[in-house]
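Residue numbers (the numbering used here), protein chains in the order written: chain Y, 1 to 131; chain A, 132 to 583; chain X, 584 to 1074. Ideal Cβ positions, reconstructed from N, Cα and C, are used throughout, including at glycine.
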Amino acid sequence: MSSIPADLKYLESHEWARLESDGTVTVGISDHAQSALGDLVFVEVPTVGQTVSKGAATAVVESVKAASDVYSPVSGEIVAVNEALGGAPELVNQDPYGEGWLFKVKPSDTDELSQLLDAKAYEKVVEREAH
Amino acid sequence: MPFIPHTEADVAAMLQTIGVPSIDALFDEIPAALRTRALEGIPEALSEMEVARLLQERAQQDGRPLNFIGAGAYEHHIPAAVWAIVTRGEFYSAYTPYQAEASQGTLQLLYEYQTMMASLTGMQVSNASLYDGASALAEACLMAVRAHRKSKSAHILVPATLNPTYLKVARTITEGQNLKFDVLPYELKQGTTQRSSLDAYAGQDITAVVIQQPNFFGLLEDVDAITDWAHANNALVIAVVNPLSLAILKPPGEWGAKGVDIVVGDGQPLGVPLSSGGPYFGFMTTRMEHVRQMPGRIIGRTVDLDGKPGFTLTLQAREQHIRRSKATSNICTNQGLLVTAATIYMSLLGAEGLEQVAATCQQQTNKLVDALTKVRGVRLVFDGPRFHEAVLQLDRKVDDVLEKLARAGIVGGFDLSQQYPELGQALLVCATETRTDEDIKRYATTLAEVMQ
Amino acid sequence: MSSRALIFDHSRPGRTAKAQHPQGTEAQVPSHLRRKRRPMLPEVSELQAVRHYTKLSQLNFSIDTHFYPLGSCTMKYNPRACNQLAMLPEFLARHPLAPASTGQGFMACMYELQEMLKEVTGMKGVSLTPMAGAQGEFAGVAMIRAYHRSRGDLARTQIIVPDAAHGTNPATATMCGCTVVEIPSLPNGDIDLEALEKAVGPQTAGIMLTNPSTLGVFERRIQEVAKIVHDAGGLLYYDGANLNAILGKVRPGDMGFDVIHMNLHKTFSTPHGGGGPGSGAVGVNERLLPFMPIPIVGKEGDRYRWLDERDLPQTIGRLSAFMGNAGVLLRAYVYMRMLGRAGMQRVAEFAALNANYLFARLQQEGFEAAYPGRRASHEFIITLKRQARELGVNAMDFAKRLLDYGFHAPTTYFPLLVPECLLIEPTETEAKEDLDAFVAALVAIQREAEQDAAKVKGAPYTLPVRRLDDVRAAKQLDLTYQPAAAAAAAS
Chain Y
1 MSSIPADLKY
11 LESHEWARLE
21 SDGTVTVGIS
31 DHAQSALGDL
41 VFVEVPTVGQ
51 TVSKGAATAV
61 VESVKAASDV
71 YSPVSGEIVA
81 VNEALGGAPE
91 LVNQDPYGEG
101 WLFKVKPSDT
111 DELSQLLDAK
121 AYEKVVEREA
131 H
Chain A
132 MPFIPHTEAD
142 VAAMLQTIGV
152 PSIDALFDEI
162 PAALRTRALE
172 GIPEALSEME
182 VARLLQERAQ
192 QDGRPLNFIG
202 AGAYEHHIPA
212 AVWAIVTRGE
222 FYSAYTPYQA
232 EASQGTLQLL
242 YEYQTMMASL
252 TGMQVSNASL
262 YDGASALAEA
272 CLMAVRAHRK
282 SKSAHILVPA
292 TLNPTYLKVA
302 RTITEGQNLK
312 FDVLPYELKQ
322 GTTQRSSLDA
332 YAGQDITAVV
342 IQQPNFFGLL
352 EDVDAITDWA
362 HANNALVIAV
372 VNPLSLAILK
382 PPGEWGAKGV
392 DIVVGDGQPL
402 GVPLSSGGPY
412 FGFMTTRMEH
422 VRQMPGRIIG
432 RTVDLDGKPG
442 FTLTLQAREQ
452 HIRRSKATSN
462 ICTNQGLLVT
472 AATIYMSLLG
482 AEGLEQVAAT
492 CQQQTNKLVD
502 ALTKVRGVRL
512 VFDGPRFHEA
522 VLQLDRKVDD
532 VLEKLARAGI
542 VGGFDLSQQY
552 PELGQALLVC
562 ATETRTDEDI
572 KRYATTLAEV
582 MQ
Chain X
584 MSSRALIFDH
594 SRPGRTAKAQ
604 HPQGTEAQVP
614 SHLRRKRRPM
624 LPEVSELQAV
634 RHYTKLSQLN
644 FSIDTHFYPL
654 GSCTMKYNPR
664 ACNQLAMLPE
674 FLARHPLAPA
684 STGQGFMACM
694 YELQEMLKEV
704 TGMKGVSLTP
714 MAGAQGEFAG
724 VAMIRAYHRS
734 RGDLARTQII
744 VPDAAHGTNP
754 ATATMCGCTV
764 VEIPSLPNGD
774 IDLEALEKAV
784 GPQTAGIMLT
794 NPSTLGVFER
804 RIQEVAKIVH
814 DAGGLLYYDG
824 ANLNAILGKV
834 RPGDMGFDVI
844 HMNLHKTFST
854 PHGGGGPGSG
864 AVGVNERLLP
874 FMPIPIVGKE
884 GDRYRWLDER
894 DLPQTIGRLS
904 AFMGNAGVLL
914 RAYVYMRMLG
924 RAGMQRVAEF
934 AALNANYLFA
944 RLQQEGFEAA
954 YPGRRASHEF
964 IITLKRQARE
974 LGVNAMDFAK
984 RLLDYGFHAP
994 TTYFPLLVPE
1004 CLLIEPTETE
1014 AKEDLDAFVA
1024 ALVAIQREAE
1034 QDAAKVKGAP
1044 YTLPVRRLDD
1054 VRAAKQLDLT
1064 YQPAAAAAAA
1074 S
């Protein structure tokens, strides 16, 4: 069973989002997603300063057998990206909710956060996919 | 039955296992109204002996005229060993090396090929080939648009001295992607790209500039200046080169201060016969930073479970079978067999051999120009440094002259009058190392007779 | 760490195959355009090169040496005569831009090939120029786009693709500037017609279909599919990847398709060459004739000539520098002449016989069919999801172990919608005893999987290398030989 921290918000497409105290939103992919993809070999992060809209393909995670777009859970401006992933994409596999974060967005509309799934609802998504 | 091994007893036993009365019953899911009755437009079968006779007759009908055309496809000597090995069943009848463990021969060869092409072009990485030089340019333009993230224009500058068919193919293949091609004129006296024509684009958002070296007229472009202009104006540079010429010409990786970004071309001069235009292969090399934007197969060296080195397809996530509608290209085959030929060809010749072939081509072309321009009514159009082609102007219609030469067993060159009307009745000629002094003399003598 | 030598390992300064090149000429190049450092090409003798590459060839599985049931790839025997006759010296020496008057023999072959392909597919025009299946697809979708545009119907930019389609289909649609709409397949393998009806509309450019589909079954309601798409104003594209299954039995033109591509390297037995060259001729019906890619061979009286932009002003244009993979086309021509009218129909008959026999035998041995109760076309799918769940041995493990038994693996993990699948295509040129041996191997591997799963999971053992580390290959990119790095590693 994959881990689904209760304090995060999720997308059906397996991204997680965390509202930080400075008002930015950190984004990554869930434990379930990293395990389904297998060993990541490359992560393509966006550029700082880029504006993104909710649901837009913003990053790409690539394993040997698959490449997946990562969608931004909120609209806004990219304020940071995880540069460490350039040399160590395996961080996403090892620590998807911590060191393996992908990018931070400064949201233009914080209401969008409330439209995301909570941990319970996301758990159901994962369960449904298993069947 | 040709190529079908089944005996009657086999068929009976197999039908029984399947549980159907006849082979025809296996097609019972096809609606009856759609079933084909007979293929009347297909002739009856020929035996191998009969078909061999037919093809030999047709081949002899075409004969072997003495060839002086280049224009993107070049007649070179191909060592006997090349195709003797290429047509071994283990290379000829294998498929894409998806099962790496059962394809180490092809995979290692492709890795060696990538090494040779990267070194020859002066770049860091090579793919394992594309279809041909023209389609490789189209792929390079699409790649430049992906790789140059700061450029939003998809605007590409191409010289008028680029092989005109390459531009046509690039337009066809990129048609759905809204690329914009602008053609840079050439200096009518020199036959090379007009440097001042670039000034109009200074400060604009240009995605890439294409440079062909040697250019379509066989002339050497000032590649350093154009490369530096492009980089100074934040454009990428795509080089289109003849791989053989790189034995003596500066490799694109060293053009200008920084070298070009993408190199493409047709690999045909490296051990692939003319064969009416194909199969040839396109090559593509680039900088390591753009490797994920490169289309086509790429081979990497890795280790197996026991730590032993081996080769495998890598970076497959770029490709259509994984990325589907988001792939870098829809390409899935390469031209593996032709790359096999090129790799063996380059191994047999080595750097010194390639250099000698290239130098001899140049020398024979110079002799050809000398001999033909002595004929009345023939003059050389551009006299700058060249590789192994030259533009001649005739005092009468080129196609008439070519037709008369053909009747005398000589394929005299490529008629430029359609594509470059400003040059008048112009003819592009080429002599490779395969054209002897006697061949050149025969052409000159025949031309003099034809132009009397 | 033992390692097979690279050609560069045989290289010694000053050694060359001297017989193979002229000598004693100096190139005349202005200094600033001259190459200063020689490229790193091997310096070896002729024998060293011959031995090295001959040995490499021996590391490959190929049709000539192994049963190669790679689904969707039609790995049938490539008759040697096709190669020998395409390599007659006159054909090899012919320059593509030589006047048509010096190429009438070659052009006669090409013209007749066009005519035979029209007949066998039921189409009205054929262009031979696309250099591979994917380029044929590109040409097909580009023609569909050009057709709608010529009618001023600019809204038609959507291409419908079934979820089971080859990856090239959506990739091609995108390349042509179209958007892709996927529709699902029913559990029995047919297209979901309800979903199709919902998907079509004034935005529909066309649908891309493979029939029989990649699920190894014939789309039985193809006439209804054609009607739905045509009624909505769209066109039907036939992906010829599986044409071998129906050659001479049912023609795409009769099924209602407007445009098709044919993989000559599959159905018409030209070599796969370790991944190419392919050849992807396209066929069209009446309404797409003006848009065909050029050049095409035309015939006037008893003379052949090239048709180009002047003859087809609405053409989608050129796809290659010359006329595509001419030498491959010659091989296909020889093959078709040797098969003849009756032989062409036998292809599908025996391909279907072999596939259905193998399918029946494997089911008898307890392997699970993905689409039970359906006829196999020329290929079929078995799913190893039970073995994966109960024994922890998956489709890839079976595939790798098959290599130890001397069989090339079937296609694995395609189509994507069938879990743990093997897509198996024996082709018509395999004998019953080879099919029986393949069944025996799979049965033996099943037994091994039950008794010693680790053994199967560690396969292969008898090949030049064991399973390769793909993750390392993608993360620590080693794409060219670096002598300095190699020397540092060795010391």
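- Query: Roughly how many angstroms lie between the CA atoms of LEU480(A) and PRO374(A), to the nearest whole one?
  - Reply: Numbered from its first residue, the second sequence carries residue 480(A) at position 349. Numbered from its first residue, the second sequence carries residue 374(A) at position 243. Taking the CA atoms as reference points, LEU480(A) sits about 13 Å from PRO374(A).
- When you check each C-beta in the stretch 962-975 of chain X against every C-beta of chain Y, which residues fall closer than 9 Å? Under the 9 Å Cβ criterion, the stretch 962-975 of chain X contributes no residue.
- Query: If the cut is a Cβ gap below 7 Å, which residues of chain X does TYR574(A) touch?
  - Reply: By one-based count along the second sequence, residue 574(A) stands at place 443. Against chain X, the beta carbon of TYR574(A) has no neighbour under 7 Å; the closest one sits roughly 14 Å away.
- Give the C-beta separation of GLN239(A) and ALA259(A) to the nearest angstrom, bearing in mind that I take them to be a contact with Cβ-Cβ under 8 Å. In the second sequence, residue 239(A) corresponds to position 108, counting from 1. In the second sequence, residue 259(A) corresponds to position 128, counting from 1. The C-beta distance from GLN239(A) to ALA259(A) rounds to 12 Å, too long to meet the 8 Å contact threshold.
- Message: Using beta carbons (cut-off 7 Å, strictly below), is ALA366(A) in contact with chain Y?
- Response: Translated into positions along the second sequence, residue 366(A) becomes position 235. For ALA366(A), the answer is no, since every Cβ of chain Y falls outside 7 Å of its Cβ.
- Query: Can ARG732(X) and LEU380(A) be called in contact, C-beta distance under 7 Å?
  - Reply: Residue numbering aside, residue 732(X) sits at position 149 when the third sequence is read from its first letter. Residue numbering aside, residue 380(A) sits at position 249 when the second sequence is read from its first letter. Result no, Cβ atoms of ARG732(X) and LEU380(A) do not sit closer than 7 Å.
- Got a sec: is the Cβ-Cβ distance from GLU12(Y) to anything in chain A below 7 Å? In the first sequence, the residue the question calls residue 12(Y) occupies position 12. Any Cβ of chain A closer than 7 Å to the Cβ of GLU12(Y) would place that residue at the interface, and such an atom is absent.
- Task: For the alpha helix (DSSP H) containing ARG929(X), list its first residue and its last residue.
- Result: Along the third sequence, one-based indexing puts residue 929(X) at 346. Residues 909-947.
- Task: Taking only runs that begin and end inside the stretch 773-824 of chain X, name each unbroken beta strand (DSSP E) of 3 or more residues, in chain order.
- Result: Under the rule that a run must span 3 or more residues, the beta strand (DSSP E) segments found entirely inside the stretch 773-824 of chain X read 787-792 and 818-823.
- At a cut of 8 Å, does the stretch 365-374 of chain A reach the stretch 308-326 of chain A through at least three beta carbon pairs? Not touching, per the Cβ criterion.
- Message: Give me the DSSP bridge partner(s) of ILE766(X).
- Response: Translated into positions along the third sequence, residue 766(X) becomes position 183. DSSP output for ILE766(X) lists PRO745(X) as bridge partner(s).
- Among ARG957(X), LEU737(X), THR685(X) and PHE874(X), nearest to PHE801(X) - alpha-carbon criterion: Here residue 801(X) refers to the residue found at position 218 when the third sequence is read from its first residue. By alpha-carbon distance to PHE801(X), the top candidate from ARG957(X), LEU737(X), THR685(X) and PHE874(X) is ARG957(X).
- Task: Would you mind reading off the limits of the alpha helix (DSSP H) that contains GLY220(A)?
- Result: Numbered from its first residue, the second sequence carries residue 220(A) at position 89. GLY220(A) -> alpha helix (DSSP H) spans 220-223.
- Task: Could you confirm whether any beta carbon from chain Y is found closer than 7 Å to the beta carbon of ALA756(X)?
- Result: In the third sequence, the residue the question calls residue 756(X) occupies position 173. Not an interface residue.
- Give every residue of the same chain whose Cβ lies closer than 6 Å to the Cβ of LEU8(Y), excluding the five residues on either side of it in the sequence, and list them in chain order. Reading the first sequence from its first residue, position 8 is the one you call residue 8(Y). Closer than 6 Å at the Cβ level, and outside the excluded window around LEU8(Y), lie TRP16 and ARG18.
- Could you tell me which chain A residues have their CB closer than 7 Å to the CB of ALA121(Y), listed as they occur along the chain? What you label residue 121(Y) is simply residue 121 of the first sequence in a count that begins at 1. Here the premise fails: no neighbours, minimum Cβ distance about 28 Å.
- Query: Can you tell me whether TYR10(Y) is buried or exposed, with buried defined as 16 or more other CB within 10 angstroms of its CB?
  - Reply: Your numbering for residue 10(Y) matches position 10 in the first sequence. Here TYR10(Y) is buried. Its C-beta has 16 or more other C-beta atoms within 10 Å.
- For TYR71(Y), the residue or residues it bridges with in DSSP: Counting from 1 along the first sequence, the entry for residue 71(Y) is found at position 71. Under DSSP, TYR71(Y) forms a beta bridge with ALA57(Y).
- Ignore the nearest five residues each way along the sequence and tell me which others in GLU1031(X)'s own chain have a CB closer than 8 Å to its CB. Position 448 of the third sequence, counted from the first residue, corresponds to residue 1031(X). Same-chain partners within the cutoff: ARG984, LYS1038 and VAL1039.
- Query: Shorter than 7 Å from the beta carbon of GLY431(A) to some beta carbon of chain D?
  - Reply: Absent from the structure: chain D. Protein chains present are Y, A and X.
- DSSP-derived helix/strand/coil call for PHE874(X): By 1-based counting over the third sequence, the position of residue 874(X) is 291. Assigned with DSSP and collapsed to three states, PHE874(X) falls in helix.
- Message: So, with DSSP's three-state summary, where would you put ARG732(X)?
- Response: By one-based count along the third sequence, residue 732(X) stands at place 149. Looking at ARG732(X) - three-state DSSP - the assignment turns out to be helix.
- Task: Determine the closest residue to GLY881(X) out of CYS692(X), VAL612(X) and ALA722(X), with distance taken between C-alpha atoms.
- Result: The residue you call residue 881(X) lines up with position 298 of the third sequence. The option with the nearest alpha carbon to GLY881(X) is CYS692(X).
- Query: When the Cα of GLU780(X) is compared with those of LEU711(X), GLY817(X), THR797(X) and ALA953(X), which residue comes out closest?
  - Reply: The residue given as residue 780(X) occupies position 197 in the third sequence. Considering only alpha carbons, the answer is GLY817(X).
- Message: Suppose you measure from the CA of SER585(X) to the CA of LEU444(A); what does that come to, to the nearest Å?
- Response: Within the third sequence, the letter at position 2 stands for residue 585(X). Within the second sequence, the letter at position 313 stands for residue 444(A). The predicted model places SER585(X) with a pLDDT of 46, which falls under 50 and marks its position as unreliable; any figure quoted below should be read in that light. Whole-angstrom Cα-Cα distance: 21 Å.
- Beta bridge counterpart(s) of HIS286(A) as assigned by DSSP: As a first step, residue 286(A) must be located in the second sequence, where it is residue number 155. Answer is LYS311(A).
- Measuring CA to CA, which of VAL256(A), PHE158(A), LEU446(A) and ILE304(A) is closest to ILE65(Y)? Walking along the first sequence from the start, residue 65(Y) turns up at place 65. Looking at the sequence shown, residue 65(Y) is not Ile but Lys. Check the Cα spacing between LYS65(Y) and each of VAL256(A), PHE158(A), LEU446(A) and ILE304(A): the tightest is with LEU446(A).
- Could you pull the start and end residues of the alpha helix (DSSP H) that VAL354(A) belongs to? Mapped onto the second sequence, residue 354(A) falls at position 223. Element bounds for VAL354(A): 354-363.
- Message: Is the beta carbon of PRO993(X) closer than 7 Å to that of GLY654(X)?
- Response: Along the third sequence, one-based indexing puts residue 654(X) at 71. Along the third sequence, one-based indexing puts residue 993(X) at 410. Yes; because the gap between Cβ atoms is below 7 Å, this pair is in contact.
- Item | CB of VAL744(X) within 7 Å of CB of GLU720(X), strictly | Sequence index remark: in the third sequence, residue 744(X) carries index 161 (1-based). Sequence index remark: in the third sequence, residue 720(X) carries index 137 (1-based). No, these two residues do not count as a Cβ contact at 7 Å.
- Message: By the three-class DSSP mapping on this structure, what secondary structure does ALA514(A) have?
- Response: Residue 514(A) sits at position 383 when you count from the first residue of the second sequence. Residue identity differs from the one stated: residue 514(A) is Asp in this sequence, not Ala. In the three-state reduction of the DSSP assignment, ASP514(A) falls in the coil class, being assigned neither a helical nor a strand state.
- VAL372(A) versus ALA163(A), ILE173(A), GLY431(A) and THR292(A), residue with shortest Cα-Cα distance: Residue mapping note: residue 372(A) aligns to position 241 of the second sequence, counting from 1. Among ALA163(A), ILE173(A), GLY431(A) and THR292(A), the Cα nearest to that of VAL372(A) belongs to THR292(A).
- Message: Going by beta-carbon coordinates alone, are ALA943(X) and ILE287(A) separated by less than 7 Å?
- Response: Your numbering for residue 943(X) matches position 360 in the third sequence. Your numbering for residue 287(A) matches position 156 in the second sequence. Taking 7 Å as the cut-off, the beta carbon of ALA943(X) is found no closer than this to the beta carbon of ILE287(A).
- Query: Name the DSSP bridge partner or partners of TRP16(Y)?
  - Reply: In the first sequence, the residue the question calls residue 16(Y) occupies position 16. In the DSSP output, where bridge partners are listed per residue, TRP16(Y) has TYR10(Y) and GLY28(Y).
- How do the stretch 162-173 of chain A and the stretch 862-875 of chain X stand: do at least 3 beta-carbon pairs fall below 8 Å, yes or no? No: the two stretches stay apart, fewer than three of their Cβ pairs being nearer than 8 Å.
- TYR887(X) bridges to which residues according to DSSP? Position 304 of the third sequence holds residue 887(X). BP columns for TYR887(X) point to LYS882(X).
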